[in-house]
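Working notes, structure below.
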Amino acid sequence: MIGKNTLRNAAYVGVVAILLAFMDVYSSFGEKDVIADFFTLSQLLFYATLFTGGVVAARSVTGRGLGVSVLNGMVGGALVAAILALVVAFVDAVPFEGIRFVFANFSPLEGSALMQGQADALPAMILLVVIGAVVGGIAGFIAQLPLRIQNTLFGTVAAVVIIGVLQGQINRIVTLGDALAISLTFFVAYMAVKALGFKSNLELLLTGAGVGVASAILFGVAASMTGMERDTLLRGSQQLEPILLMLPVVGDLLSLLVFGGVFVLFGLYGAVATTLGRQMHDAGWYFMAVTLALGVLASARALDVPLALVIFVIFGLTFAIVPTLSVRATAIYESLPRPARTVNRRVFFVVVLVILLVVPPFMGASLANTLNLVMIYIIMGVGMNVMIGYAGLLDLGYVASFAIGAYTAGILTAPSILTCPGVVDQADAFNLLRGYEDTVLGLQQVCPGLMTFWQAWPIAIFVSGLTGMMLGVPVMRLRGDYLAIVTLGFGEILQRILISSTFKPLFGGPQGVGRIPVPTLGDIELARSTEVYYLFLLVVALGAVVVLRLASSRLGRAWRALRDDEDVAEAMGINTTVAKLLAFGVSSAFSGMGGALFGASLQGIFPNSFTLLVSINVLSLVILGGMGGIPGVFIGAFVLVGMPEILRELRDYRLLAFGVLLVVTMLMRPDGLLPPQPPKLSEQSTAHKQAAAGD
Amino acid sequence: MVQTTSRSSFLRLGKDPIQTFLYLAGGALLLYVLVVALGNVAAGRYGLRDFLQGIVLGLAQGSIYALIALGYTLVYGVLRMINFAHSEVFMAGAYIGFFAINAFSQTPESGGPSFLEQNTVLALLLTIIVGMTASSIIAVLLERIAYRPLRRAPRLVSLITAIGVSITLQQLFLRLFGGGTRSYPVVNLCFEPLQVPDQVDRVCGTAMNLLQGRYRLPIGEQEIIVRPLYFIVFAIALVLMTTMWFIVQRTKVGKAMRAVAEDKNTASLMGINVDRIIVVTFLLGATLAGAAAVMFAVYNPQVTPFMGFFPGVKAFTAAVLGGIGNIPGAMAGGLLLGIIESAAPGMLGIPSQLEDVVAFSVLVLIMIFRPSGIFGEALTKSRA
Numbered sequence: 001m002i003g004k005n006t007l008r009n010a011a012y013v014g015v016v017a018i019l020l021a022f023m024d025v026y027s028s029f030g031e032k033d034v035i036a037d038f039f040t041l042s043q044l045l046f047y048a049t050l051f052t053g054g055v056v057a058a059r060s061v062t063g064r065g066l067g068v069s070v071l072n073g074m075v076g077g078a079l080v081a082a083i084l085a086l087v088v089a090f091v092d093a094v095p096f097e098g099i100r101f102v103f104a105n106f107s108p109l110e111g112s113a114l115m116q117g118q119a120d121a122l123p124a125m126i127l128l129v130v131i132g133a134v135v136g137g138i139a140g141f142i143a144q145l146p147l148r149i150q151n152t153l154f155g156t157v158a159a160v161v162i163i164g165v166l167q168g169q170i171n172r173i174v175t176l177g178d179a180l181a182i183s184l185t186f187f188v189a190y191m192a193v194k195a196l197g198f199k200s201n202l203e204l205l206l207t208g209a210g211v212g213v214a215s216a217i218l219f220g221v222a223a224s225m226t227g228m229e230r231d232t233l234l235r236g237s238q239q240l241e242p243i244l245l246m247l248p249v250v251g252d253l254l255s256l257l258v259f260g261g262v263f264v265l266f267g268l269y270g271a272v273a274t275t276l277g278r279q280m281h282d283a284g285w286y287f288m289a290v291t292l293a294l295g296v297l298a299s300a301r302a303l304d305v306p307l308a309l310v311i312f313v314i315f316g317l318t319f320a321i322v323p324t325l326s327v328r329a330t331a332i333y334e335s336l337p338r339p340a341r342t343v344n345r346r347v348f349f350v351v352v353l354v355i356l357l358v359v360p361p362f363m364g365a366s367l368a369n370t371l372n373l374v375m376i377y378i379i380m381g382v383g384m385n386v387m388i389g390y391a392g393l394l395d396l397g398y399v400a401s402f403a404i405g406a407y408t409a410g411i412l413t414a415p416s417i418l419t420c421p422g423v424v425d426q427a428d429a430f431n432l433l434r435g436y437e438d439t440v441l442g443l444q445q446v447c448p449g450l451m452t453f454w455q456a457w458p459i460a461i462f463v464s465g466l467t468g469m470m471l472g473v474p475v476m477r478l479r480g481d482y483l484a485i486v487t488l489g490f491g492e493i494l495q496r497i498l499i500s501s502t503f504k505p506l507f508g509g510p511q512g513v514g515r516i517p518v519p520t521l522g523d524i525e526l527a528r529s530t531e532v533y534y535l536f537l538l539v540v541a542l543g544a545v546v547v548l549r550l551a552s553s554r555l556g557r558a559w560r561a562l563r564d565d566e567d568v569a570e571a572m573g574i575n576t577t578v579a580k581l582l583a584f585g586v587s588s589a590f591s592g593m594g595g596a597l598f599g600a601s602l603q604g605i606f607p608n609s610f611t612l613l614v615s616i617n618v619l620s621l622v623i624l625g626g627m628g629g630i631p632g633v634f635i636g637a638f639v640l641v642g643m644p645e646i647l648r649e650l651r652d653y654r655l656l657a658f659g660v661l662l663v664v665t666m667l668m669r670p671d672g673l674l675p676p677q678p679p680k681l682s683e684q685s686t687a688h689k690q691a692a693a694g695d
Numbered sequence: 001m002v003q004t005t006s007r008s009s010f011l012r013l014g015k016d017p018i019q020t021f022l023y024l025a026g027g028a029l030l031l032y033v034l035v036v037a038l039g040n041v042a043a044g045r046y047g048l049r050d051f052l053q054g055i056v057l058g059l060a061q062g063s064i065y066a067l068i069a070l071g072y073t074l075v076y077g078v079l080r081m082i083n084f085a086h087s088e089v090f091m092a093g094a095y096i097g098f099f100a101i102n103a104f105s106q107t108p109e110s111g112g113p114s115f116l117e118q119n120t121v122l123a124l125l126l127t128i129i130v131g132m133t134a135s136s137i138i139a140v141l142l143e144r145i146a147y148r149p150l151r152r153a154p155r156l157v158s159l160i161t162a163i164g165v166s167i168t169l170q171q172l173f174l175r176l177f178g179g180g181t182r183s184y185p186v187v188n189l190c191f192e193p194l195q196v197p198d199q200v201d202r203v204c205g206t207a208m209n210l211l212q213g214r215y216r217l218p219i220g221e222q223e224i225i226v227r228p229l230y231f232i233v234f235a236i237a238l239v240l241m242t243t244m245w246f247i248v249q250r251t252k253v254g255k256a257m258r259a260v261a262e263d264k265n266t267a268s269l270m271g272i273n274v275d276r277i278i279v280v281t282f283l284l285g286a287t288l289a290g291a292a293a294v295m296f297a298v299y300n301p302q303v304t305p306f307m308g309f310f311p312g313v314k315a316f317t318a319a320v321l322g323g324i325g326n327i328p329g330a331m332a333g334g335l336l337l338g339i340i341e342s343a344a345p346g347m348l349g350i351p352s353q354l355e356d357v358v359a360f361s362v363l364v365l366i367m368i369f370r371p372s373g374i375f376g377e378a379l380t381k382s383r384a
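In order, the protein sequence lines correspond to chains A and B.
In terms of this note's numbering, the first sequence opens at residue 1 and continues consecutively.
In terms of this note's numbering, the second sequence opens at residue 1 and continues consecutively.
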């Protein structure tokens, strides 16, 4: 009855649970509410641990019926709980100072998830084991359900939990009114097409546009008629103003046009989504689900039980129906004639573009900062992808070219020893400038930088590309691990040099380069993160296009040949030296481009930002996303850089999670989350097949 | 005729311009370093005293590098992979060792001297053993969980896994034991037979304080500062390395290790349990790293979760310097790197902030000009 691996596997989970317990995960760390007055983070983690124990145990006896699965799940959950109960007993028996001396983050267990509201150790321990058995039994039951139901369930719970954990960051993005308007338009257009059918693609587009216009009129009239009273469904609570629905109230022509345009676009997208490939189709549904959930979240102060249920239903329905719809949509998409497919794809891309362009007013400064950071890493990742994904060269000193780009642009644009040695060399420009209102502007009047950001940027890109190539010369013969170690050495040497006092007049030592002016467009300063965002967006788009074009060029093919077998590539007439050097140069240029932007957007650079961890981060996001593909870089950057940045509450644990994630990814999916499709062998012969596959 | 061929192969101008350029640049660099060094010596900024001082310091530091380097070399020899997480295995030894020595240094409730003060040698030995055990456990778990499933995976995958493991271990220790630095207790060990009457120690009086003492040793007209601890570290390291050398060369397990390093498949056909031998390899390397960690922490008493990185990278440099996969090479490389590191900054007038740059530069230069190391056989392309 009990599988032979059940106890062992559950015990592994138990060991991890002990570590987590002494890291204080189940007590003071997770006091934050996930669902207000109902569920804290530590309780969540506690139940998740027990659940994992149950699942692991139940999975060790697959295919032996529901009863056995539930029984093993109960045993597994109870075992994990018993191990945690031992922790409780241990903490009860040993003086607290002793534990605290060794496990410095540990805090008393009173009131934690491990005590389950009990004051004494013994009843708590018994209760723990009982809870463990129950949770484990449920886990064993769920493990027997069909895979699709399991996925829906896990996905839904995960979505609610993520929204609950992040609520502090994301509860001021979009009002319920705006969210409803957008998602209803999409939904109605989708359903209209499903109900009415369509004879030609034009008809499809007209249906979508019609639904868009109709709902624009409907919501527009509703908004202007009701006068948008506070605390109504349309306007939402006072903390957050709707952006979209306020447009008809403003009432001038431009606002009305924007208002109508947005609705028509989402209507079009809803209609077109019925005939798109899987990823493009699903993206629409998930986007709508997330928008709606954010709207629901914004309608109250905190995520409480009813709201959580609503969000649960939203995601549950989405996860349940989307796979079915997606299969049908893909089938229709593949049966469409080529021009129609192109049109529909373009509608999708226009919608994505519009969403990206209108997003900054919705998000606050902190989310915009996060997004900007993600985009810097995307730029670097795109460059790193050239090195490792295309050319197969592992560079652990990638941060060096990032730093070179940042410092070049910084030194050229900021007041520095180059422009006014007298002022800056005596270091205390601030003292000199006491009389000025704004020290940054003041110093720039006394002593402007050598050039503007727009002039310095190309120079920075060029310099970092060139140094990248120069560093590539000596390591030409090295591959794999050796290359990694040498480039790691380069990165460390550069950081030491930047910090050292020997070069302080130029690089500023540990204080770095300060007072870097922000990029300006005419009279507009791109000072705020929501404004710099557009610059980043442009660079990411350009970078992605450049790399995609490069990858399918002669050089790109040479790189791939190099990666697969250097000797054969050479024998085929590829100049491996040139190809390798160009890989170094291109990737470093990308990194330098990101570095220059990084310095300008932060208005200062510190040598401590350029550690080995940056290189490892970039490398990991490329690997995690799937080497050699651009979409993978985006996914990787969002997962590895965006999530930890948003999860500020888990800040202390994010690097730990990062390391574990890296190892687990390599063990489970060595190809990454979105591995690129094999390259086209020859344009003519596979063109048809590729198009049919929904590329 | 013969002469022309050899000359053209020496310069290889037409064939491989990059290699030629590299050698020319390397030669120029070497020349520059020599000129600077000689200049400093001639100007009297660097003399025999500084050099000897550097060697004495470098021997101790270098023997610790050598011990860690052996771990890299052993694993590389058998698995052909760089065990990036070895520096964390080292850190774990120092950390767990700290808890042991800290427990020994507690004064008993009945009063009186602590176990550490009473039986200093025994306590220190026990600490070293605890450190070795901790490192071994971590290394064996590491091999089992992270590396074994990836035995046949591409090298890039196992390298990235190793980086991930390294971050995980660092963060695990940070979260479990906290980020504050912990200091090993100050241990004094008086050695009565050796009396130093003219330099009185605060604790031991005229007897020599083996662990904390600093003694002036006259060299000609000048004098250098010597700590007996340096020689103890060096001696222990020598004993450990000799033991390891004996295990690898003279025992059956060692023979199996060498067979696995030569060819895993053939070795398994010969009845060798390859998995077991790989575990033994990790174990041996980790034992040495654990011992090195405790010694490192005794004379460098700060322990943090991030302490492994620099010794790790430097030990790796040492392993490469001696030719990775080559056991005597790792020992010699470690000692050499220790000496270079303590002698070179003074000799070249490098500011103290840039001292770490020396080791990294040695690493980069060795990799570029002689990736097979000083003692290593020429690497075939498949290995490099």
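Quick reminder that beta carbons are idealized off the backbone N, C-alpha and C, glycines included.
Legend entry - Cutoff 8 Å: Tyr-47 (chain A) Cβ touching any chain B Cβ: no
Legend entry - Below-8 Å beta-carbon distance, Ile-160 (chain B) vs any chain A residue: yes
Legend entry - Contact check, Thr-185 (chain A) vs Pro-242 (chain A), beta carbons under 8 Å: no
Inset, instruction - For Thr-324 (chain A), verify whether its CB is less than 7 Å away from any heavy atom of the ligand FAD. - result: Absence of the ligand FAD from the depicted structure is noted, as is the absence of any ligand whatsoever, leaving it without description.
Inset, instruction - Would you mind sorting Asp-178 (chain A) into buried or exposed? The rule is 16 or more other CB atoms within 10 Å of its CB. - result: Asp-178 (chain A) is buried by the Cβ-count criterion.
Legend entry - Assigned exposure category for Ile-138 (chain A) - 16 Cβ within 10 Å defines buried: By the neighbour-count rule (16 or more Cβ atoms within 10 Å), Ile-138 (chain A) is buried.
Inset, instruction - Return the Cβ separation of Ala-58 (chain A) and Ala-143 (chain A) in integer angstroms, given the expectation that the two are a contact with Cβ distance under 8 Å. - result: 4 Å
Legend entry - alpha helix (DSSP H) segment containing Ala-119 (chain A), residue limits: That residue, Ala-119 (chain A), is in no alpha helix (DSSP H); it is neither H nor E in DSSP.
Inset, instruction - Spell out whether any CB of chain B is found under 8 Å from the CB atom of Ala-427 (chain A). - result: Note that Ala-427 (chain A) scores 45 on pLDDT, short of 50, meaning its location in the model is unreliable; the coordinates nonetheless yield the value given after this. Ala-427 (chain A) does not count as touching chain B.
Legend entry - Chain-ordered residues of the stretch 349 to 364 of chain B with a beta carbon less than 8 Å from chain A: Pro-351, Gln-353, Leu-354, Asp-356, Val-357, Phe-360, Ser-361, Leu-363 and Val-364
Legend entry - Under 8 Å between C-beta atoms of Gly-131 (chain B) and Ala-318 (chain B): no
Legend entry - Closest Cα partner of Val-233 (chain B) within the set B:Pro-218, B:Phe-51, B:Tyr-65 and B:Phe-21: Looking at the Cα atoms, B:Tyr-65 is the closest of the given residues.
Inset, instruction - Answer yes or no: does any C-beta atom of chain B fall closer than 8 Å to that of Asp-652 (chain A)? - result: yes
Inset, instruction - Taking only the alpha-carbon atoms, compute the straight-line gap between Thr-207 (chain A) and Thr-275 (chain A) and give it to the nearest angstrom. - result: 13 Å
Inset, instruction - Flag Tyr-482 (chain A) as yes if its beta-carbon sits less than 8 Å from any beta-carbon of chain B, otherwise no. - result: yes
Inset, instruction - Note the first and the last residue of the continuous beta strand (DSSP E) segment covering Glu-192 (chain B). - result: That run of the beta strand (DSSP E) goes 190 to 195.
Inset, instruction - Would you mind stating whether Phe-348 (chain A) and Tyr-407 (chain A) have Cβ atoms separated by less than 8 Å? - result: no
Inset, instruction - Output the distance between the C-alpha atoms of Leu-317 (chain A) and Ala-359 (chain B), rounded to the nearest integer angstrom. - result: Using only the alpha carbons, I get a separation of about 59 Å.
Inset, instruction - Please go through the stretch 481 to 549 of chain A and give each complete beta strand (DSSP E) segment of 3 or more residues, from N-terminal end onward. - result: Listed in chain order, there is nothing to give.
Legend entry - Short CB-CB distance (under 8 Å) between Arg-496 (chain A) and chain D: No chain D appears in this structure, whose protein chains are A and B.
Legend entry - Inter-residue Cα distance where the pair is Thr-729 (chain A) and Phe-21 (chain B): Outside the modelled stretch of chain A, which goes from 1 to 695, sits residue 729 (chain A), for which no answer is possible.
Legend entry - Distance between Met-74 (chain A) and Gly-465 (chain A) (C-alpha atoms, nearest Å): 59 Å
Legend entry - According to DSSP, residues forming a beta bridge with Ser-183 (chain B): B:Gln-302
Inset, instruction - Select from B:Leu-48, B:Val-157 and B:Ala-162 the residue whose C-alpha is nearest the C-alpha of Ala-139 (chain B). - result: B:Ala-162
Inset, instruction - Taking 8 Å as the threshold, find out whether the stretch 235 to 253 of chain B comes into contact with the stretch 307 to 314 of chain B through three or more Cβ pairs. - result: no
Inset, instruction - Closer than 7 Å by C-beta to Ile-173 (chain A): which residues in its own chain qualify, once you throw out the five before and the five after it? Chain order, please. - result: Leu-294, Ala-298, Phe-362 and Met-363
Inset, instruction - Indicate whether at least one CB of chain A lies closer than 8 Å to the CB of Ile-129 (chain B). - result: no
Inset, instruction - Quick one: using the 10 Å Cβ neighbour count with 16 as the cut-off for buried, is Tyr-32 (chain B) buried or exposed? - result: exposed
Inset, instruction - Would you mind reading off the limits of the alpha helix (DSSP H) that contains Gln-170 (chain B)? - result: 155 to 177
Legend entry - Beta-carbon gap between Pro-708 (chain A) and Pro-510 (chain A) smaller than 8 Å: For residue 708 (chain A) there is no data in the structure shown, the boundaries of chain A being 1 and 695.
Legend entry - C-alpha gap between Leu-45 (chain A) and Tyr-26 (chain A), whole angstroms: 7 Å
Inset, instruction - Flag this pair as yes or no: are the beta carbons of Val-518 (chain A) and Ala-527 (chain A) separated by less than 8 Å? - result: yes
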